[in-house]
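S.K.: Would you mind keeping the following structure in view while I ask a few things?
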Amino acid sequence: MDLLQISNLYVNFTTKAGVVRASDGVNLEIKQGESLCLVGESGCGKTIVALGIMRLLPQNAQISGKIWFKGKELLSLGKEEMRRIRGREIAMIFEQPATCLDPVFTVGDQIAEAMRVHERCSGKESKEKAIDLMEMVEIPSPQKRFKQYPHEFSGGMQQRAMIAIALSYNPSLLIADEPMTFLDVTIQAQIMELLKDLVSKFRTSLLLITHDLGVAAEMCDGVAVMYAGEIVEKGRVSEVFKYPKHPYTKALLGAISNDGLKPIKGSVPELTSLPSGCKFHPRCPLVRDVCREARPEMKNGVRCHLWEKS
Ligand code: SF4
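Following our numbering, the numbering of the sequence shown begins with 240 at its first residue and continues without gaps.
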């Protein structure tokens, strides 16, 4: 059974510029213990899907569809029940840890506080557990670091602290939204390794959001490629990256190939004025008349008219 199943998730925002179709019928599944990567260019709606799962979308979002998690439909839950699930069963780490840590409390207190709230343990016990967690996420000198404030931590150390807070709840699902974006390359590799180890140790399912296909290939079992608010291809990482079928997936992989960078022509469309038919058609080298007229259905993991016919 799937741990998480998203079906027909639509998220719109009404703005002065028009209706922003940020998620346009997204369907996704994650099994217990599986790691799935949601990839795509910036602005394609990946974060909106994550915030939808967490029920953290802005109030003006118009949402429809179903998000099933452990048999519960999250979009229909009361605020209190959702608050219990958020954190305890589904945790999220963000791209900018500095904005998530409270500058007026020590890092150790923030990790221990998470323990106190969710594990209902005493002050002494929560401190011991927090120090253990800091050690587990490889924060050096955890006894000393426990008493330090976020501004005394580097970006990489702040992200380790956020991972410790997220894992303090022992969640079934961890959502990591571009967790390496603002870190330099060597720290990125360390955080990637750390996340990979911890996810396997805690048997946590992972939804990793990234624009970096190298990270996706390294970390995940499954991949879903998103373009302009919809999933255009999904499957096992080993299959999709070796034998991509959708022209957009091929273009993304081509853009990082060893033969030199091949930029994808054109740009991601405005979510307020999406192209007719296939949303990728203005950029697709294989476009034909039907692509401009009819939206392709997802079939066998690919949303493309050419693939439908083959
Ligand atoms: Fe390209 Fe047509 Fe397939 Fe869209 S449906 S990706 S335009 S071939």
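Don't be surprised by glycine CBs; every beta carbon is placed ideally from N, CA and C.
#1: For T449, write down the residues that DSSP places opposite it in a beta bridge.
#2: Confirm, please, whether the CB-CB distance from A330 to L372 is below 7 Å.
#3: Under 6 Å Cβ to Cβ from R399, same chain only, skipping five residues before and after it: list those, please.
#4: With distances taken from CA atoms, which of V259, G394, K440 and K305 is nearest T425?
#5: With a 10 Å radius around its C-beta and 16 neighbouring C-beta atoms as the bar for buried, classify Q577 as buried or exposed.
#6: Hey, could you find the ends of the alpha helix (DSSP H) G540 is sitting in?
#7: To the nearest whole angstrom, what separates the beta carbons of Y466 and K504, a pair I think is in contact under 8 Å?
#8: So what does DSSP say about A494, is it helix, strand or coil?
#9: Rank A369, M431 and L296 by C-alpha distance to the C-alpha of S262 and give the top, closest one.
#10: Would you list the one or two residues that DSSP bridges to Q269?
#11: Give me, in chain order, the residues of the same chain whose beta-carbon lies closer than 6 Å to that of V471; leave out the 5 immediate sequence neighbours on both sides.
#12: On the premise that T345 lies in contact with Q387, defined as a C-beta separation below 8 Å, what is that separation, rounded to the nearest angstrom?
#13: Going by C-alpha distance, which of G453, G468 and A405 is nearest H357?
#14: Looking at the secondary structure, which residues open and close the alpha helix (DSSP H) in which R531 lies?
#15: State the beta-bridge partners of F308 as determined by DSSP.
#16: May I ask whether a heavy atom of the ligand SF4 can be found less than 6 Å away from the beta carbon of L248?
#17: Following a CB-centred definition, is V526 positioned closer than 6 Å to any heavy atom of the ligand SF4?
#18: Within 6 Å: the Cβ of C283 and any heavy atom of the ligand SF4?
#19: What residue does the alpha helix (DSSP H) around R359 start on, and which one ends it?
#20: So is the beta-carbon of L545 under 6 Å away from any non-hydrogen atom of the ligand SF4?
#21: Of the choices C283, E457, L513 and F392, whose alpha-carbon is the least far from that of L340?
#22: Under 8 Å, with one C-beta from each stretch per pair, do the stretch 359 to 373 and the stretch 301 to 317 reach the 3-pair mark?
#23: So, under 8 Å CB-CB, G461 and L248 are touching, yes? Tell me the CB distance rounded to an integer number of Å.
#24: Cβ of H450 versus every heavy atom of the ligand SF4: is any distance shorter than 6 Å?
#25: Looking only at its chain, what residues have a beta carbon closer than 8 Å to the beta carbon of V476, apart from the 5 residues adjacent to it on each side?
M.R.: The answer reads as follows:
#1: On the sequence shown, residue 449 is found 210 positions in, with the first residue counted as 1. Beta-bridge pairing links T449 to V278.
#2: For the purposes of this step, residue 372 is taken as the residue at position 133 of the sequence shown. For the purposes of this step, residue 330 is taken as the residue at position 91 of the sequence shown. When the beta-carbon positions are compared, L372 and A330 stay at least 7 Å from each other.
#3: Residue 399 sits at position 160 when you count from the first residue of the sequence shown. Hits under 6 Å: V376 and I378.
#4: The count along the sequence shown starts at 1 and reaches residue 425 at position 186. If we check each option's Cα against that of T425, G394 comes out closest.
#5: The requested residue 577 does not occur in the structure, where the chain is confined to residues 240 to 549.
#6: Walking along the sequence shown from the start, residue 540 turns up at place 301. Premise fails: G540 is in no alpha helix (DSSP H) and is neither H nor E.
#7: Position 227 of the sequence shown holds residue 466. Position 265 of the sequence shown holds residue 504. Not confirmed; about 14 Å, so no contact.
#8: The residue given as residue 494 occupies position 255 in the sequence shown. A494: coil per DSSP, three-state reduction.
#9: As a first step, residue 262 must be located in the sequence shown, where it is residue number 23. S262 has its Cα closest to that of L296, out of A369, M431 and L296.
#10: To locate residue 269, count along the sequence shown from 1; it is residue 30. Inspection of the sequence shows that residue 269 is occupied by Ile rather than by Gln. Bridge partners of I269: L243.
#11: In the sequence shown, the residue the question calls residue 471 occupies position 232. Excluding sequence neighbours, V471 sits near V464, H485, Y487 and R542.
#12: Numbered from 1 along the sequence shown, position 148 holds the residue referred to as residue 387. Numbered from 1 along the sequence shown, position 106 holds the residue referred to as residue 345. Yes, they are in contact, since the Cβ atoms of Q387 and T345 sit about 6 Å apart, within 8 Å.
#13: The sequence position of residue 357 within the sequence shown is 118, counting from 1. When each option's Cα is compared against that of H357, the closest is A405.
#14: Stepping through the sequence shown from its first residue, residue 531 is reached at position 292. Note, R531: alpha helix (DSSP H), D528 to E532.
#15: To locate residue 308, count along the sequence shown from 1; it is residue 69. In the DSSP output, where bridge partners are listed per residue, F308 has L243 and K311.
#16: Taking the sequence shown and counting its residues from 1, one reaches residue 248 at position 9. No.
#17: Sequence index remark: in the sequence shown, residue 526 carries index 287 (1-based). Indeed, a heavy atom of the ligand SF4 lies less than 6 Å from the Cβ.
#18: Translated into the one-based positions of the sequence shown, residue 283 becomes position 44. Because no heavy atom of the ligand SF4 lies under 6 Å away, the Cβ of C283 does not count as near it: no.
#19: Position 120 of the sequence shown, counted from the first residue, corresponds to residue 359. Where R359 is concerned, there is no enclosing alpha helix (DSSP H), given that its DSSP letter is neither H nor E.
#20: As a working note, residue 545 is residue 306 in the sequence shown. Yes; taking the cut-off as 6 Å, the Cβ of L545 has a heavy atom of the ligand SF4 nearer than that.
#21: Translated into the one-based positions of the sequence shown, residue 340 becomes position 101. Selected option, being the one with the closest Cα: F392.
#22: no
#23: The count along the sequence shown starts at 1 and reaches residue 461 at position 222. The count along the sequence shown starts at 1 and reaches residue 248 at position 9. Incorrect: roughly 17 Å between the Cβ atoms, too far for contact.
#24: Locating residue 450 in the sequence shown gives position 211, counting from the first residue. Remark: the C-beta of H450 is outside contact range of the ligand SF4, defined as less than 6 Å to any heavy atom.
#25: Working through the sequence shown from its first residue, we reach residue 476 at position 237. Here the set comprises C276, A455, A456, C459, D460, G461 and V462.
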